[in-house]
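S.K.: In terms of numbering that gives the first Met the number 0, the sequence shown opens at residue 0 and continues consecutively.
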Amino acid sequence: MPEGDRRMRKIALLTAALGLAAAPVGALAGSRDTAPVESGSELGGTGGILAAMGIAVVIATVILVTDGNDDPDLSVSN
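1. According to DSSP, is valine 75 part of a helix, a strand, or is it coil?
2. Taking the straight line between their C-alpha atoms, what separation do you get for alanine 22 and valine 75?
3. My assumption, with CB atoms under 8 Å, is that leucine 13 sits in contact with leucine 49. Please give the rounded CB distance.
4. Taking DSSP as the reference, what is the three-state secondary structure of aspartate 66?
5. If we ignore side chains and look at the alpha-carbon of each, how far apart do arginine 8 and methionine 52 end up?
6. If we ignore side chains and look at the alpha-carbon of each, how far apart do aspartate 66 and proline 35 end up?
This is the structure in structure tokens:
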């Protein structure tokens, strides 16, 4: 398989993965009307988890796109 096809396949897969990872973040960004509650929720800290996931996606993208390219160049002429 030519190197260009392999690289485009990696980029397409990474773009799809990034889109899937970003979809919940976009859903969270929408405003919602909420009913008042008597006691607040004790859950919190989801921003740190989302930030860590985003950083992991960026690092994985950089690693996969810059994979070293140690393959020798193949001649197209005979």
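Every residue gets a Cβ at the ideal spot worked out from N, C-alpha and C, and that includes glycine.
M.R.: Taking the geometry as given:
1. Looking at valine 75 - three-state DSSP - the assignment turns out to be coil, as it is neither helix nor strand.
2. Between alanine 22 and valine 75, the alpha-carbon positions lie close to 42 Å from each other.
3. Actually they are not in contact, since the Cβ atoms of leucine 13 and leucine 49 sit about 19 Å apart, beyond 8 Å.
4. Reduced to three states, the DSSP call for aspartate 66 is coil.
5. Taking the straight line joining both Cα atoms gives about 22 Å.
6. In a straight line, the C-alpha of aspartate 66 is about 51 Å away from that of proline 35.
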